[in-house]
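Before any comments, here is the structure.
Protein chains: 2
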Amino acid sequence: MTRRAMVRSVLFGAAALGMAAARFDTAAQEATPAATPAYGDPLPSWADGPLKQRMLAYVADSVTKGHPGYLPPNQRVATFDIDGTLVCEYPAPMQAYFAVDMVRQIGEADAESARAPVFQRVLAGEFDDLTTVEPPGFLEVFDAVNGDMTQQRFVAFARRWLQFAIHPVTGKRFIDMVYQPQLEWLAHLRANGFATFLVSAGSVDVVRAYSLPLFDIPTWRVIGTSYDYEFAVSGGKGQVVGTSQVVALTNKASAIGLHVGERPVIAVGNSDADLPMLQYANGAPTPVLPMLVHHTDAEREFAYDRDYSWSPLVAGLSDAQAFGFGMIDMKTDWLRIWPEEPSPPLLASGN
Amino acid sequence: MTRRAMVRSVLFGAAALGMAAARFDTAAQEATPAATPAYGDPLPSWADGPLKQRMLAYVADSVTKGHPGYLPPNQRVATFDIDGTLVCEYPAPMQAYFAVDMVRQIGEADAESARAPVFQRVLAGEFDDLTTVEPPGFLEVFDAVNGDMTQQRFVAFARRWLQFAIHPVTGKRFIDMVYQPQLEWLAHLRANGFATFLVSAGSVDVVRAYSLPLFDIPTWRVIGTSYDYEFAVSGGKGQVVGTSQVVALTNKASAIGLHVGERPVIAVGNSDADLPMLQYANGAPTPVLPMLVHHTDAEREFAYDRDYSWSPLVAGLSDAQAFGFGMIDMKTDWLRIWPEEPSPPLLASGN
Chain P
1472 MTRRAMVRSV LFGAAALGMA AARFDTAAQE ATPAATPAYG DPLPSWADGP
1522 LKQRMLAYVA DSVTKGHPGY LPPNQRVATF DIDGTLVCEY PAPMQAYFAV
1572 DMVRQIGEAD AESARAPVFQ RVLAGEFDDL TTVEPPGFLE VFDAVNGDMT
1622 QQRFVAFARR WLQFAIHPVT GKRFIDMVYQ PQLEWLAHLR ANGFATFLVS
1672 AGSVDVVRAY SLPLFDIPTW RVIGTSYDYE FAVSGGKGQV VGTSQVVALT
1722 NKASAIGLHV GERPVIAVGN SDADLPMLQY ANGAPTPVLP MLVHHTDAER
1772 EFAYDRDYSW SPLVAGLSDA QAFGFGMIDM KTDWLRIWPE EPSPPLLASG
1822 N
Chain H
1472 MTRRAMVRSV LFGAAALGMA AARFDTAAQE ATPAATPAYG DPLPSWADGP
1522 LKQRMLAYVA DSVTKGHPGY LPPNQRVATF DIDGTLVCEY PAPMQAYFAV
1572 DMVRQIGEAD AESARAPVFQ RVLAGEFDDL TTVEPPGFLE VFDAVNGDMT
1622 QQRFVAFARR WLQFAIHPVT GKRFIDMVYQ PQLEWLAHLR ANGFATFLVS
1672 AGSVDVVRAY SLPLFDIPTW RVIGTSYDYE FAVSGGKGQV VGTSQVVALT
1722 NKASAIGLHV GERPVIAVGN SDADLPMLQY ANGAPTPVLP MLVHHTDAER
1772 EFAYDRDYSW SPLVAGLSDA QAFGFGMIDM KTDWLRIWPE EPSPPLLASG
1822 N
C-alpha cells in the first residue's frame, strides 16, 4: 500500500463512517428503481406534445411484432450520458467537486502527498470556484484521486462522499438532483425490454457508486473513463487494483463498440461529446431515437449550452433538425425536474 | 474501404449467402436458451455427488434471505471461460480454425493480400494441422483476420462461418460441440438471478457471433480480446470500425474490473489462464464457488491438461485442493456431454 493509499484508508475507512454504513447497508443492497411510472401514463412528468408522442410511439412500435419498427430484444439498446442528461452538471459536474474534496482531504492529512504541485494548488484554493476553471487544466486533479486501491474500496469512498455531499448553489444533495422525467423514461424503456447503459466521460468507478440505487443500472452497464487495472494475488486470493494509469474515454461510440457490441437505437445526451452516440444510432437500418437535453430552464435548474466550458452544446444544436434529434426543451417538456422523494441510500458493503 | 475489406465483402457479403440469411434471420433473433432444465432437477446431466450438491446448495443459499450465504442480486455475478469450459477446444480452439480459413479465403481471392508473409504461410499449408502449431507463432494469423470493417460486418462474417464449420475430428459442427451440463448450469444460475458473463482470451466479436443463440448471453456480457475501435461519421450517420490494432485480454480478473465492476462469486474455467478469475472470486468476503473443468474423457470428448499447448492446466491442478476449486471431472461428473438437439441457427441481420 502506498502512503497515499494509507492516508485514504484513515480518512475514508470503514471505522470513520461505520455507523452510517451499518445503518444503510441492507437498504442499499435491496435498492429498487427510483421511479415507478404512474398507472396509465408511463411518463407523467413529460408534457404532452410531439416529443412525448414520438417517444411513446417508438417504444410501442419496437415491441409490436409485425410492425416495421419492431426490434428483437437484443437490439433494444439505449445509451444515456449522465452529467447534464440524467443529473445536474451545472455549474460543474459533481465528479469535479468530488475530486477537489478528495484531494483536499488527502493533502490536509498527509504532508508528503501535499508536496505534489496539484495538491498545493488545491490546498491554495485554486479550484474552490469551479465555475472559473478551465476543464483541461483540471485533469490532473481527477488523476490525483485515482490509483493504488482496490476497486471495491474506491467505489466505497465515492459512495460515502456522495451520500452527503451538497450542491454549492441549490443546497440539495447532488444525488437528489436527478431528473425525474429521465427516471420515468429509463423505467419505461426497461419495462419494454430495453437494456439501458450509462456512458460517461467521468470515472466509471465513481458512477458505479450510485448507478444501481439511483438508476437501477448495475455496475456492468456503466461505461466511462477507467484505469489500467492491475491484479494482485496473495495466498490464492486476488484483488483488482486501480492504478494511476488513467484510460480516458475519448469517443462514446467506440466505447459502446467495446463494451456493448450492439448499436444503440436510443441514445440520449446533452452536449457535443454525446454526438457520436447519436450518430452511431443514426447509422442503423432500423428506426432510431437520438435525443438531446437542452438546458433552457433558468428558474427550476440552469440555462446554458454553447458557453458551458465543461461540456458545451454547439454542433448538437445546429445538427438537430437535419439529423432528427429529439430535442428535449427542459422548460417546456418537463413538468417537473426533481423527484418528490430523496434518493435511496448509496452506502453498501460491496464485495 | 481498404482492398482487403473489399475482398472480404465480396467473399462474405450478403449477396453470397443471402438466401441462407433470409431463411435464418427471424429464428435467430428470437433465439431461446439452448437448454431448459428438466422439472425437479435443474442439472439433469450432472451426476449426483459432492460437486453437484455443492453447486445446488451454493445457489439455494445465495437466494435465501437470512442465510449467511445470501447474496443481494447485484453480487450474483458468475463468469465463465468459453474454450474448453463451455465448448470443445481440442485439438485447437474453433477461433483458430476460423482464422486460418478466413486468411486462406482472403489470400486465394486477392493477390495483393496474398503477398503478405502471413498469407503466404497460410496458403502454403503451414497451419493446416493446428495440433502442431505453437500458439505464440499463430498470433499473426489471428491479427490478419482483423481490421478495416464495421463491427456488425465482422460479427456477421463470423456467424456465417460458424453456422456451417465442421470440427476436424468429430465431424460435428463446432457450434454443436457445446457442453450440455454447462448449458444447464448457466440456465440454473440465471433462473436464480445471477448475471452470467463470458470471459475469453479469444476475439470478443467472434464470441458475440454466437453468445446469444448458444448461451442466451447478449453481446454486452461478453469480454475478450478486442480492437482499438474507430468511429467514422458520414452525413450524420456513424459506424464503429474494428481497426487492426489488437487489444489483447491478458488478465481475466483485470478485464472483469473494467467491464463488470463487481467481483464474481462463481468463476468457471479449465486452464491456468482462468486462474485469475477463480482467485478474484476467492478474495471475496462471502462464500464463493470457483470451478475448473478437467478434461478426463477420451472416449466421449478428449483427455488433456498439462500438455495442451493452446491453454495448459498445470497450476490449477496443484492449487485445486488448497484453494477450494470445485473440480469437474468430465468423465464422472457429466452424464452426457453434448446436447440432444443441434444448436439454433446463428445467422441474424445485426444492426
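As you go down the protein sequences, you meet chains P and H in turn.
In terms of the working numbering, the first sequence opens at residue 1472 and continues consecutively.
In terms of the working numbering, the second sequence opens at residue 1472 and continues consecutively.
Glycine included, every Cβ here is placed at the ideal spot set by N, Cα and C.
Computed from a prediction, not measured in an experiment: that's the story for all the values here.
The three-state secondary structure of Lys1536/H, taken from DSSP, is coil. Between Leu1669/P and Val1678/P, the beta carbon gap of about 6 Å places them in contact (Cβ cut-off 8 Å). With respect to the 8 Å criterion, Pro1652/P and Trp1517/P are classified as neighbours on the basis of their beta carbons. Against chain H, a Cβ distance below 8 Å from Gln1716/P picks out nothing, because the smallest value is about 12 Å. In the three-state reduction of the DSSP assignment, Glu1583/P falls in the helix class. For Ile1737/P, there is no enclosing alpha helix (DSSP H); the enclosing beta strand (DSSP E) has its first and last residue at 1737–1740. Put simply, of Val1718/P, Pro1539/P, Val1589/P the residue whose alpha carbon is nearest the alpha carbon of Glu1701/P is Val1718/P.
At a cut-off of 8 Å between C-beta atoms, Lys1802/H does not count as an interface residue with respect to chain P.
Chain-ordered, the chain P residues with CB closer than 7 Å to the CB of Val1731/H read Thr1690, Trp1691.
Closest in alpha carbon position to Leu1542/P, among Ile1553/P, Trp1809/P, Asp1552/P, Val1530/P, is Val1530/P.
In the DSSP annotation of this structure, the continuous segment of the alpha helix (DSSP H) that includes Ile1727/H starts and ends at 1723–1730. The residues His1765, Thr1767, in chain order, have a CB closer than 6 Å to that of Asp1800/H in the same chain once the five nearest residues on each side in sequence are set aside. If you draw a straight line from the Cα of Gly1707/H to the Cα of Met1648/P, it is about 32 Å long.
Cα atoms of Asp1790/P and Asp1699/P: separation of roughly 36 Å, rounded to the nearest angstrom.
Using a CB distance cut-off of 8 Å, Tyr1700/H counts as an interface residue toward chain P.
Taking a cut-off of 8 Å on C-beta distances, the stretch 1781–1789 of chain P touches the stretch 1739–1749 of chain P, as three or more cross pairs fall below it. Separation of Ala1627/P and Met1620/P (C-alpha to C-alpha, rounded to the nearest whole angstrom) is 11 Å.
If you draw a straight line from the Cα of Asn1617/H to the Cα of Arg1777/P, it comes to about 40 Å.
Under the three-state reduction of DSSP, Tyr1775/P is assigned to strand.
Within chain H, no residue has its CB atom less than 9 Å from the CB of Phe1613/P, the nearest being about 18 Å off. Beta-bridge partners of Glu1701/P (DSSP): Val1712/P. Ala1549/P places its beta carbon 8 Å or farther from that of Gly1709/H. In the structure shown, Thr1556/H falls within a coil segment according to DSSP collapsed to helix, strand and coil. In the structure shown, the three-state DSSP call for His1638/P is coil.
DSSP links Asp1800/P through a beta bridge to His1765/P. Among the residues facing chain P, Gly1709/H is included, as its CB has a counterpart in that chain under 8 Å away.
Relative to Gln1566/H, the option among Trp1632/H, Thr1803/H, Leu1660/H, Ala1528/H whose CA is nearest is Trp1632/H. Here Thr1721/H is exposed, its C-beta having fewer than 16 other C-beta atoms within 10 Å. Nearest CB-CB separation between Arg1679/P and chain H: below the 8 Å threshold. When only Cα atoms are considered, Pro1689/P and Trp1809/H end up about 34 Å apart. Going by DSSP, Ser1682/H is part of the alpha helix (DSSP H) stretching over 1682–1686. In this structure His1730/P is buried. Its beta-carbon is surrounded by 16 or more other beta-carbon atoms within 10 angstroms. Contact of Gly1728/P with chain H by beta-carbon distance below 7 Å involves Gln1622, Tyr1700, Val1711. For Val1593/P, the nearest beta carbon of chain H is not closer than 8 Å to its own beta carbon.
Listed along chain P are Leu1729, each with a C-beta nearer than 7 Å to that of Ser1697/H.
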